[in-house]
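**Q** The structure under discussion is supplied below as structure tokens; questions concerning it will follow.
2 protein chains.
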Amino acid sequence: MSTQKAPVALTAAEIPPRPKKTIYPEGFAARVDGRIKTQLGDVFGLRNFGVNLTRLKPGGESALRHAHMKQDEFVYILEGEPVLITNAGEMKLKPGMCAGFRAATGDAHHLVNRGPIDVVYLEIGDRTPGEEVVYPDDDLLLTIGPDGNYRTSRKDGTPFT
Amino acid sequence: MSTQKAPVALTAAEIPPRPKKTIYPEGFAARVDGRIKTQLGDVFGLRNFGVNLTRLKPGGESALRHAHMKQDEFVYILEGEPVLITNAGEMKLKPGMCAGFRAATGDAHHLVNRGPIDVVYLEIGDRTPGEEVVYPDDDLLLTIGPDGNYRTSRKDGTPFT
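Going line by line, the protein sequences match chains D and L.
The numbering of the first sequence is this note's numbering, which starts it at 1 and goes up by one.
The numbering of the second sequence is this note's numbering, which starts it at 1001 and goes up by one.
So this is what it looks like as structure tokens:
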């Protein structure tokens, strides 16, 4: 039995970022080099959804442009002015702006930092099982197995070697 | 078929707050008079979790002190300095601080604004069914039925008249 107790409250910027940079395979991973994720929800032992404090250096991208099949996603901008790219086109966001991406709409999105300063935002996603993430602009498919582990493949299902 | 399309992104402070102030019965409702909730996630059609931008006027409380049985909860402070009250006692929070409340720990919490300026924070909660909310300091029990509707009663199950 663990005797470790979750903290009551923390300053988000003082929580260490997650060491693993990305689950993308080689060839895609470099696209999110400028991204630093801190898993705020996990620090408190939350299981039903994740909350990340994410920093994008100038030139950084939040993710490859993607759409979730089962899980909702939400972002709230704290600093900087990222460009949100969806099927509808581009839109510049500012601090205090937010966007939600409902599962299974097929509308793919990502944030890109084309500005001179870091972008910082909160991102929230639930953990509904059976998730599949589709990437309209890239030959990549991501599934999450019943064990919670991610699996990446090409769109035809063949693995990356 | 609805032709209404969800917006791509919005300024959170410009979204109208929810008109219904509280689901608490008479006698408890006045305790959250100083609270204004704006349902950010719902504007984008999200279903798996809710994200609220909540404002507490000086003297305002986030809720009666409560613990969730099934649903996780998370708060991130944007403005002001609320006091977080849990089973462990009191802790003053500042902008950039966050706290997570894992379901079924039995640790009840709420935020109280004892400062001279408004407190503004983001609160996130999932929508796991079968939820029950317990209030250690008050004779109140809240359950959420399979229809998603809330029901309040006294702790012995008798309804408020």
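We treat Cβ as the ideally placed atom computed from N, Cα and C, and that holds for glycine.
This one's a predicted model, so the numbers in the text were calculated from it and none came from an experiment.
Counting beta carbon pairs with one atom in the segment 1129-1143 of chain L and one in the segment 1059-1069 of chain L, are three or more of them shorter than 8 Å?
**A** The segment 1059-1069 of chain L vs the segment 1129-1143 of chain L: in contact.
**Q** Taking only three categories from DSSP, how would you classify residue 140 of chain D?
**A** Three-state result, residue 140 of chain D: coil.
**Q** Have a look at L/1123, L/1021, L/1156 and flag the residue whose alpha-carbon is nearest the alpha-carbon of residue 50 of chain D.
**A** Minimum Cα distance to residue 50 of chain D is reached at L/1123.
**Q** Could you work out which residues of chain D lie near residue 1085 of chain L, taking near to mean beta carbons separated by less than 7 Å?
**A** By Cβ distance, chain D contributes nothing, its closest Cβ being about 10 Å from residue 1085 of chain L, past 7 Å.
**Q** Cβ of residue 32 of chain D within 9 Å of Cβ of residue 79 of chain D?
**A** Not a contact, by the Cβ cut-off of 9 Å.
**Q** Per DSSP, which one or two residues make a beta bridge with residue 55 of chain D?
**A** Residue 55 of chain D pairs with D/36, D/120.
**Q** Between residue 98 of chain D and the rest of its own chain, which residues show a CB-CB distance below 8 Å, the 5 nearest in sequence each way excluded?
**A** Answer for residue 98 of chain D: 74, 75, 76, 77, listed in chain order.
**Q** For residue 48 of chain D, decide whether its Cβ has a neighbour in chain L, counting only Cβ atoms nearer than 9 Å.
**A** Chain L, which has a Cβ nearer than 9 Å to the Cβ of residue 48 of chain D, makes this yes.
**Q** DSSP has residue 152 of chain D in a bridge; who is on the other side?
**A** Partner(s): D/142.
**Q** Do you know whose CA, among D/96, D/112, D/95, lies nearest residue 89 of chain D's CA?
**A** For residue 89 of chain D, the nearest C-alpha among the options comes from D/112.
**Q** Taking 9 Å as the threshold (beta carbon to beta carbon), is residue 1102 of chain L in contact with chain D?
**A** Closer than 9 Å to some Cβ of chain D, the Cβ of residue 1102 of chain L qualifies, so yes.
**Q** If you drop the 5 nearest sequence neighbours on each side, which residues of the same chain put their C-beta closer than 6 Å to that of residue 86 of chain D?
**A** Once the five neighbours on either side are set aside, the close Cβ partners of residue 86 of chain D are 107, 109.
**Q** Do you know how far the Cα of residue 1118 of chain L is from the Cα of residue 1059 of chain L?
**A** Straight-line Cα distance between these residues: approximately 9 Å.
**Q** Given a threshold of 16 other Cβ atoms within 10 Å of its Cβ, counted over all protein chains shown, does residue 145 of chain D qualify as buried or as exposed?
**A** Exposed: under 16 other Cβ atoms inside 10 Å.
**Q** With 16 as the cutoff for other CB atoms within 10 Å, does residue 1101 of chain L come out buried or exposed?
**A** Result: buried.
**Q** I want to verify the contact list: residues of chain D whose CB lies under 8 Å from the CB of residue 1012 of chain L, in sequence order.
**A** By Cβ distance, chain D contributes 76, 96, 97, 98.
**Q** So if I threshold CB-CB distances at 9 Å, which residues from the segment 43-72 of chain D count as touching chain L?
**A** Going along the segment 43-72 of chain D in chain order, one finds 43, 44, 45, 46, 47, 48, 49, 51, 53, 70, 71, 72 with a Cβ nearer than 9 Å to chain L.
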